[in-house]
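**Student:** What follows is a structure written as C-alpha cells; I'll ask about it next.
In this note's numbering, the protein residues as written are 28 to 360.
As C-alpha cells, this is what we get:
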C-alpha cells in the first residue's frame, strides 16, 4: 500500500508503485501544519483534473501532521506521505520532485489552498505552448484565519526577461506554480541553502535556461499571509534576496547595474509594504522605505511617492495598518 515512506538522508531509490495514470504530481512541503493541513489536502483532491498524485513531505513535524496525512491516504490512494528530518522547505520540495511520477509537477504549501480549477487552468496553458516551462495562477490573499483580505496578485503576468525576476517574485508563492518535469532537468532543483527567495532564484534559472514563464487569467490560489510566517520576517527576506542577487550575478555577470539598483528599490518598497501589512513596528516600515530611496541615485517620482506614502501610513495606529496596506496594494499593485 503506497501510503507512507521514510526516506534516507539522500534519495537513493524510488518507490515501486502500482501503475496509475498520473498527469500531475502535486508536492506539498509540510512542517507543523496540523491546523491547516486537512483543508490544503482537500483542495488538491477535489481538483477538476483528477489524474494526479499528492506527495506530502513531512519535514520533521513535531505535531500530528503526519497522522493527518495518513488518514487522508487511507481514504484516497492518490496520497503518499514521505517523512524526513527537518531540512527546510526547499529540501522537502526536492524530495517530492524526486519521487514524482507525473510529467507535470505542481507545488502547494500546507497552509494554502487551491480553487477547484487550478490544475486544469495551468495544464491547459502548458499543453498550448511547448516552450512554456512554468505556468502559474494569480493569488487571492487570505489572513491567518483564512478570511480574504481583499488583496490579490496580478493576472496574466508574462515573465519575458531575467530583469522581470530581479525585483520581485511574479508568482508570489510556490503554491501557484505548475512546471514541466523537464524544467528541473535543465534548470536544476531548489537551492537547499536558501529559506527566502529560493523560488525567485529558481525562476531566474528557469528563464536563463530558455523556458517561458507565464501567469493565467484566473485567481485560483488562496495564499495565506500570517504575521508569524516566513514571509513576515522582512529582515530575513532581504538577506535571502541579497543571496539571490549574488547568485544571479555569478550566473549572468553582464546584468546591468541600473537594473540591479532599480530592483533593490522595488524590493525595499515591497518589504516596507509587507512590514506594514503584518503589523510590524513603523520604524521598520520607514527603514525599508528610506532604503528604497537610497538604492538609486535619483529616485524616480513613483518610487519617491510610494516611499513617502508608506512612511506616512506607518505613523497610523497599528490596527489600521492592514486596511492601509490593502488600499496600497489595490492602488499600486
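Just so it is clear, CB atoms sit at the ideal spot from N, CA and C, and this is done for glycine as well.
Compute the Euclidean distance between the alpha carbons of residue 343 and residue 260, then round it to the nearest angstrom.
**Tutor:** Cα to Cα, the separation comes out at about 21 Å.
**Student:** Can you say whether residue 196 is buried or exposed, counting buried as having 16 or more other CB atoms within 10 angstroms of its CB?
**Tutor:** Classification of residue 196: buried, given that the 10 Å Cβ count is 16 or more.
**Student:** Taking Cβ positions, are residue 322 and residue 288 nearer each other than 7 Å?
**Tutor:** Against a cut-off of 7 Å, the Cβ pair of residue 288 and residue 322 comes out as a contact.
**Student:** Within the chosen definition, does the segment 228-239 reach the segment 186-205 through at least 3 CB pairs nearer than 8 Å?
**Tutor:** They touch, by the three-pair rule.
**Student:** Does the separation of the CB atoms of residue 75 and residue 144 fall below 7 Å?
**Tutor:** Contact: yes.
**Student:** Please report the distance separating the alpha-carbon of residue 30 from that of residue 97.
**Tutor:** Note that residue 30 scores a pLDDT of 49, beneath 50, so its modelled location is shaky; the value from the coordinates is reported in the next line. Roughly 7 Å separates the two Cα atoms.
**Student:** Mind checking residue 241: buried by the 16 CB within 10 Å criterion, or exposed?
**Tutor:** Counting Cβ neighbours within 10 Å, residue 241 comes out buried, since at least 16 surround it.
**Student:** Please name the residue, chosen from 276, 230, 267, that lies closest to residue 161 on a Cα-to-Cα basis.
**Tutor:** Among 276, 230, 267, the Cα nearest to that of residue 161 belongs to 230.
**Student:** For residue 95, which residues does DSSP report across the bridge?
**Tutor:** For residue 95, which the question treats as bridged, DSSP gives no partner whatsoever.
**Student:** Please state the DSSP three-state secondary structure of residue 135.
**Tutor:** In the structure shown, residue 135 sits in coil (DSSP, three-state: anything other than H, G, I, E or B).
**Student:** Excluding the 5 residues flanking residue 218 on each side, which residues of the same chain have their C-beta closer than 7 Å to its C-beta?
**Tutor:** Excluding residues within five positions, the ones whose Cβ falls inside 7 Å are 117, 225, 228.
**Student:** Tell me whether residue 230 sits in a helix, a strand or coil according to DSSP, three-state version.
**Tutor:** Three-state result, residue 230: helix.
**Student:** By the three-class DSSP mapping on this structure, what secondary structure does residue 200 have?
**Tutor:** Looking at residue 200 - three-state DSSP - the assignment turns out to be coil, as it is neither helix nor strand.
**Student:** What is the DSSP secondary structure of residue 70, reduced to helix, strand or coil?
**Tutor:** DSSP places residue 70 in helix when its eight states are reduced to three.
**Student:** Throw me the rounded Cβ distance for the residue 210 and residue 133 pair, which I believe falls under 8 Å.
**Tutor:** In fact, because the Cβ distance is near 12 Å, the residues do not count as touching under 8 Å.
**Student:** Look up residue 55 in the DSSP assignment and give the residues it is bridged to.
**Tutor:** Per DSSP, 83.
**Student:** In three-state terms, what does DSSP make of residue 206?
**Tutor:** Strand.
**Student:** If we call anything under 7 Å between Cβ atoms a contact, is residue 312 one with residue 320?
**Tutor:** It is not a contact, given that the beta carbons lie outside the stated cut-off.
**Student:** Would you call residue 107 buried or exposed, if buried means 16 or more other Cβ atoms sit within 10 Å of its Cβ?
**Tutor:** With 16 or more other Cβ atoms within 10 Å, it is buried.
**Student:** Whose C-alpha, out of 90, 91, 67, 178, is nearest the C-alpha of residue 82?
**Tutor:** When each option's Cα is compared against that of residue 82, the closest is 67.
**Student:** Reducing DSSP to helix, strand and coil, say where residue 163 ends up.
**Tutor:** Strand, per DSSP.
**Student:** For residue 281 versus residue 141, is the C-beta spacing smaller than 7 Å?
**Tutor:** No, Cβ-Cβ distance for residue 281 and residue 141 is not below 7 Å.
**Student:** Determine the direct distance from the alpha carbon of residue 125 to that of residue 78, and round the result to whole angstroms.
**Tutor:** Cα to Cα, the separation comes out at about 19 Å.
**Student:** Quick check on the DSSP output: the alpha helix (DSSP H) that includes residue 123 runs from which residue to which?
**Tutor:** 116-126 is the span of the alpha helix (DSSP H), which, as asked, contains residue 123.
**Student:** My guess is that residue 239 and residue 337 are in contact by the Cβ rule of under 8 Å, so how many angstroms apart are they, rounded?
**Tutor:** Not quite, the Cβ-Cβ distance comes to about 33 Å (not below 8 Å), so this is no contact.
**Student:** Assuming residue 267 contacts residue 207 (C-beta within less than 8 Å), just tell me the rounded distance between them.
**Tutor:** At roughly 26 Å, the Cβ-Cβ gap does not stay under 8 Å, so residue 267 and residue 207 are not in contact.
**Student:** Go ahead and label residue 156 buried or exposed: buried means 16 or more other beta carbons lie within 10 angstroms of its beta carbon, across all protein chains shown.
**Tutor:** Per the 10 Å Cβ criterion, exposed.
**Student:** With distances taken Cα to Cα, identify the nearest neighbour of residue 290 among 308, 326, 277, 310.
**Tutor:** For residue 290, the nearest C-alpha among the options comes from 326.
**Student:** With H, G and I counted as helix, E and B as strand and the rest as coil, what does DSSP make of residue 304?
**Tutor:** It is helical.
**Student:** Use the C-beta contact count for residue 122: other C-beta atoms within 10 angstroms, 16 or more gives buried, fewer gives exposed.
**Tutor:** By the 10 Å Cβ count, residue 122 comes out buried.
**Student:** Distance check for residue 328 and residue 203, CA to CA, integer angstroms please.
**Tutor:** Spanning the two alpha carbons is a distance of roughly 32 Å.
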